[in-house]
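*Asks:* Take a look at this one; I'll ask things after.
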Amino acid sequence: MNIKIIDTTLRDGEQSPGVLFTLDEKITIARMLDAAGVHYIEAGVPAMGSVEKEAVRRIAGLGLRAQIIAWNRARAEDVRHSLECGVKNIHVSFPVSDLMLEKKIGKGRAWAFEQLDGISKLVASAGAVLSVGMEDASRANPDFLTKFAVASKACGAVRIRYCDTVGIMEPFALKERLDALAGCLAGCELEIHTHNDFGLATANAISGVKSGAVCIDTTVVGLGERAGNAPLEEVVMALKVILGIETGVKTEHLRPLAEYVSRAAARPLSEHKSIVGEKVFAHESGIHVDGVLKDPSMYEPFAPELVGVRRQIVIGKHSGTKALLYRMRELGIVTDRLDEAGVVGGIRELTENIKGGVSDEELAGFYNKIAH
């Protein structure tokens, strides 16, 4: 199965409240995504203005292997702005729920078909490639959703994006919806765009793949509107490790990408962020450390080196003799008399006093104090 990653860090990711990437940061992120092997980069919204338009134009001119997408509202003038950037992949988002159609833009369902017809002709006349987004698809009338998707294909769209705009779907219900769509879209790619309002963005993205979606939208570290989007690192590794599906993304790039985007967004990267957090391969519990030292796969789903993270044996309240001996050997301290020296009990008492883990310096100092 050939799954393509469409990364929208530079568009949906930057829409996270308070996040702003400079032009240089956008170019760096685009280059890093390309180096990692992402298939498509959604670079921005040219209709926003001259600054955004210039950023999209610059990224489109970098000569990257990844294809560059410009995002547009269902307006001809938006599309013209994107075409002026030299972008050949034009994504147009159409509201498809009655809620969005009526209350956001004051239109009915017929308007969506009218706009689709005109915009598809505009894109085709420019020799560009059209993909269609169905905004708020999860709350749309199922029959209308199918009709609109089929009409989009008939108008030349090469890809249809199902948008769970406010993250209200769960994997089983989503599969039912996508199964119905996939059956009507032979020859047209199905794309899944999920949000994390209920912590289900990655699960829903994976459900999408199992329902025939061949393109998944992601953002680095899940950056995005409200609770964010499906994180690139989670989607890529879940496909690889759980489903055995390769995306072509070089996984050793995931941690450096996460670090850079987090800095550029001024959003500290949690040390416990799944897949790429500094501490997600850290072990303290005596039972776990004993197992990891014998065979890491006992308590790790994959090798940390795959994603550019390193394994850590942490000394803390729950550490046992094996962990202490391991860390001491790492520090050049050779001993097998931990119990006699009272180090295990003493270390546990120390962690209670400092309410946290013990550094290498504290461990060495404590051992030297007790043993001599």
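The numbering used here puts the first residue of the sequence shown at 1001, with every later residue one more than the last.
Beta carbons: idealized from backbone N, C-alpha and C, even for Gly.
Computed from a prediction, not measured in an experiment: that's the story for all the values here.
1. Answer yes or no: do residue 1066 and residue 1082 have a C-beta to C-beta separation smaller than 7 Å?
2. Per DSSP, what kind of secondary structure is residue 1015 in: helix, strand or coil?
3. Can you list, in chain order, the residues of its chain whose CB lies under 6 Å from that of residue 1228, leaving out five sequence neighbours each side?
4. Is it the case that the region 1053-1068 contacts the region 1282-1297, given that we only count it when at least three CB pairs across the two stretches are under 8 Å?
5. Residue 1204 by DSSP, collapsed to three states: which one?
6. Can you tell me whether residue 1135 is buried or exposed? The criterion is at least 16 other CB atoms within 10 Å of its CB, across all chains shown.
7. Between the alpha carbons of residue 1211 and residue 1154, how many angstroms are there, rounded?
8. Take residue 1327 as the anchor and find which of 1247, 1094 and 1362 has the nearest alpha-carbon.
9. In this structure, what does DSSP give as the bridge partners for residue 1138?
10. Can you check whether the CB of residue 1008 is closer than 7 Å to the CB of residue 1052?
11. So, does the region 1023-1038 touch the region 1175-1183, judging by three or more C-beta pairs under 8 Å?
12. Consider the Cβ of residue 1257: report whether some Cβ of chain C lies at a distance smaller than 7 Å.
13. Which full runs of the alpha helix (DSSP H) of 4+ residues lie inside the region 1141-1169, going along the chain?
14. Answer yes or no: do residue 1031 and residue 1097 have a C-beta to C-beta separation smaller than 7 Å?
15. Got a sec? Which residues, its chain only, sit under 6 Å from residue 1115 by beta carbon, not counting five neighbours each side?
16. Using the Cβ count rule (16 or more neighbours within 10 Å means buried), how would you classify residue 1039?
17. From the DSSP output, which residues share a beta bridge with residue 1217?
18. To which residues of the same chain is residue 1340 closer than 8 Å at the C-beta, ignoring the five residues directly before and after it?
19. Closest to residue 1003 by C-alpha separation, out of 1293, 1348, 1365 and 1237, would be which residue?
20. Could you give the residue range of the beta strand (DSSP E) that holds residue 1097?
21. Quick test of the definition: if touching needs 3 or more C-beta pairs under 8 Å, does the region 1108-1127 touch the region 1075-1095?
22. When the Cα of residue 1310 is compared with those of 1268, 1214, 1264 and 1277, which residue comes out closest?
23. Does the region 1197-1208 come into contact with the region 1164-1173, if we say contact requires no fewer than three beta-carbon pairs (one atom in each stretch) closer than 8 Å?
24. So, at 6 Å on beta carbons, what are the nonlocal neighbours of residue 1174 in its own chain, with the 5 sequence-adjacent residues on each side left out?
25. Please state whether DSSP places residue 1340 in a helix, a strand or coil.
26. Given that a residue counts as buried once 16 or more other Cβ atoms are within 10 Å of its Cβ, and exposed if not, what is residue 1334?
27. Closest by CA to residue 1020, which one among 1263, 1158, 1217 and 1005?
28. On the CB-based measure, 16 or more other CB atoms within 10 Å of its CB, does residue 1050 come out buried or exposed?
29. Where are the alpha helix (DSSP H) runs, 4 residues long or more, that stay fully inside the region 1219-1302, in chain order?
30. Who are the Cβ neighbours of residue 1126 in its own chain at under 7 Å, not counting the five residues just before and after it?
31. Is the Cβ-Cβ distance between residue 1232 and residue 1220 less than 7 Å?
*Replies:* On the basis of the data shown:
1. no
2. coil
3. 1196 and 1222
4. no
5. helix
6. buried
7. 22 Å
8. 1362
9. Paired residues: none, contrary to the question.
10. no
11. no
12. No chain C appears in the structure shown, which is made up of a single protein chain.
13. 1142-1154
14. no
15. 1074
16. buried
17. 1006
18. At residue 1340, the pLDDT of 49 sits below 50, so the modelled position is not reliable and the matter cannot be decided from this model.
19. 1237
20. Here residue 1097 belongs to no beta strand (DSSP E), and DSSP marks it neither H nor E.
21. yes
22. 1277
23. yes
24. 1204 and 1207
25. Here the model assigns residue 1340 a pLDDT of 49, short of 50, so the residue's position is not dependable, and the following value carries that caveat. Helix, per DSSP.
26. exposed
27. 1263
28. exposed
29. 1232-1237, 1254-1264 and 1286-1294
30. 1083
31. yes
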